[in-house]
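Protein chains in written order, with this note's numbering: chain A, 696 to 895; chain B, 13 to 235.
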């Protein structure tokens with residue numbers, strides 16, 4: 696078996712070199728759906744971080760017990776539990792936000808980013824490495840969410856975190872907060888990221 | 013000698029290959045997670061329920077007096093009391109949470125009922141506003157739903173919900189595709205006939221159950 700990356704390598708890789716959105720192109724459904732405001736994007740990033748860190752930690756702890764042909768069931772079970780906890784906590788303490796995010800919080804269960812980290816890292820490496828991998832990937836995911844949400848919210852509503860930042864004369868590009876805006880912004884940002892990395 | 017060895021291995025393998033033995037980790041985890049989740053629900057359930065009741069109370073003026081009036085601060089002075097109501101129909105007892113709204117002078121403004129029913133993906137929870145005599149729908153609001161994003165979840169949009177306003181509760185409402193023409197017709201959300209049907213079904217059932225008792229209660233208050 697090839698040498699596994701260390702905890703620090705895992706952490707750093709998740710942020711930019713192996714950014715889940717711009718490099719691995721996974722977990723894109725919420726990227727397009729909930730990035731029309733910064734608040735929603737940040738809440739989503741926090742929920743994903745919670746689920747990813749907990750799932751990675753639990754899977755890493757029980758990794759000697761995993762059977763290869765039953766591992767996916769265990770992953771899904773673990774992820775679903777933490778997603779449900781996140782969903783309930785949001786409904787209890789951030790009720791309006793939980794209504795805004797709607798089904799996208801329960802949908803974290805099928806976010807392939809999380810199952811991917813369980814498979815690639817947590818089921819093979821010790822807890823500390825698994826957690827730092829989870830944190831690194833979550834930061835990468837959060838940055839990607841924020842970068843898209845920032846462009847969409849500012850251009851689409853002239854606001855940033857709900858506060859007006861654009862001059863009053865700015866005609867809000869409502870297409871940006873609608874689904875097509877998600878695709879357009881993501882495509883352009885992805886292209887830019889590729890262009891920059893190719894130039895280097 | 014060799015044969016015996018084979019037998020024991022097979023026996024051992026037989027035990028190991030048993031589905032339950034193979035899945036022991038899954039079963040144990042399911043139990044542990046189940047306990048964890050029920051604890052979370054026990055702690056947070058009441059908080060979530062309070063959130064929903066607060067949201068309901070906030071929505072009552074809008075549901076009874078229309079969106080514009082609902083914005084008016086004076087009309088927000090409605091007195092809201094929760095009346096648990098039990099309806100017995102063909103031997104089955106059904107309980108409803110009815111919010112009774114009164115003006116400051118004591119006259120009845122109308123009723124708002126919280127009901128839920130099966131939607132396409134999960135249960136749909138909605139608020140139905142009725143006028144004092146329960147003859148007319150005054151408003152509809154979707155409290156909670158998990159319908160398909162982009163299709164079924166359009167039931168929460170004002171444009172779709174507004175169709176229900178001022179509908180008579182005499183007969184039951186029907187869902188049609190491609191534009192409602194008759195008075196008792198509701199245009200379905202395109203691509204989400206099941207979600208539309210679910211909402212209309214919930215409303216029809218609620219109206220059928222509550223129309224009589226609410227009208228009686230309203231008459232009693234007048235006397």
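Just so it is clear, CB atoms sit at the ideal spot from N, CA and C, and this is done for glycine as well.
In this text, all values refer to a predicted model and were calculated from it rather than measured experimentally.
Checking contacts by CB at 9 Å: is residue 224 of chain B closer than that to chain A?
no
Does residue 801 of chain A come within less than 9 Å of chain B when only Cβ atoms are used?
yes
Any chain A beta carbon closer than 9 Å to residue 53 of chain B
yes
Nearest-angstrom Cα distance between residue 809 of chain A and residue 752 of chain A?
12 Å
According to DSSP, simplified to helix, strand and coil, what is residue 677 of chain A?
Here chain A comprises residues numbered 696 to 895, so residue 677 of chain A is not present and cannot be evaluated.
Inter-residue spacing [alpha-carbon to alpha-carbon] between residue 66 of chain B and residue 94 of chain B:
12 Å
I believe residue 62 of chain B touches residue 125 of chain B by the beta-carbon criterion, under 8 Å. Please report the beta-carbon distance rounded to the nearest angstrom.
The Cβ separation is near 19 Å, so there is no contact.
Just to confirm, is the Cβ distance from residue 740 of chain A to residue 827 of chain A under 9 Å?
no
Chain A contact for residue 91 of chain B (CB, 9 Å cutoff):
no
Runs of beta strand (DSSP E) wholly within the stretch 124 to 200 of chain B (minimum 3 residues, chain order)
135 to 142, 149 to 156, 186 to 188 and 197 to 199
Contact between the stretch 855 to 868 of chain A and the stretch 699 to 715 of chain A is defined here as three or more beta-carbon pairs at a separation below 8 Å; is this criterion met?
no
Does DSSP put residue 93 of chain B in a helix, in a strand, or in coil?
strand
As assigned by DSSP and simplified to three states, the class of residue 108 of chain B
strand
Which residues, taken in chain order from the stretch 28 to 48 of chain B, show a beta carbon closer than 7 Å to some beta carbon of chain A?
34, 35, 37, 38, 41, 42, 45 and 48
Given that a residue counts as buried once 16 or more other Cβ atoms are within 10 Å of its Cβ, and exposed if not, what is residue 698 of chain A?
exposed
On the criterion of 16 or more Cβ atoms from any shown chain inside 10 Å, does residue 883 of chain A qualify as buried, or is it exposed?
exposed
The alpha helix (DSSP H) with residue 788 of chain A in it runs from where to where?
766 to 788
Neighbourhood of residue 225 of chain B by C-beta distance below 7 Å, restricted to the same chain and skipping five residues each side:
97 and 99
Okay, do the stretch 179 to 194 of chain B and the stretch 101 to 113 of chain B touch, 3+ Cβ pairs below 8 Å being the bar?
no
So residue 875 of chain A contacts chain B; which residues on that side make the cut at Cβ distance below 7 Å?
Per Cβ cutoff of 7 Å: no residues; residue 875 of chain A is ~12 Å from chain B at best.
Looking at the unbroken alpha helix (DSSP H) that takes in residue 717 of chain A, where does it start and where does it end?
Element bounds for residue 717 of chain A: n/a, residue is neither H nor E.
Once the 5 residues before and after residue 831 of chain A are set aside, which same chain residues still bring their CB inside 8 Å of it?
705, 706, 707, 708, 709 and 710
Contacts of residue 63 of chain B in chain A (Cβ-Cβ under 8 Å)
786, 787 and 790
Residue closest to residue 142 of chain B, alpha-carbon to alpha-carbon, out of B:208, B:220 and B:133:
B:220
Hey, out of A:728, A:777 and A:862, whose CA is closest to residue 873 of chain A's CA?
A:728
Measuring CA to CA, which of B:174, B:197, B:92 and B:71 is closest to residue 213 of chain B?
B:197
Would residue 69 of chain B pass as an interface residue toward chain A - the criterion being a Cβ-Cβ separation below 9 Å?
no
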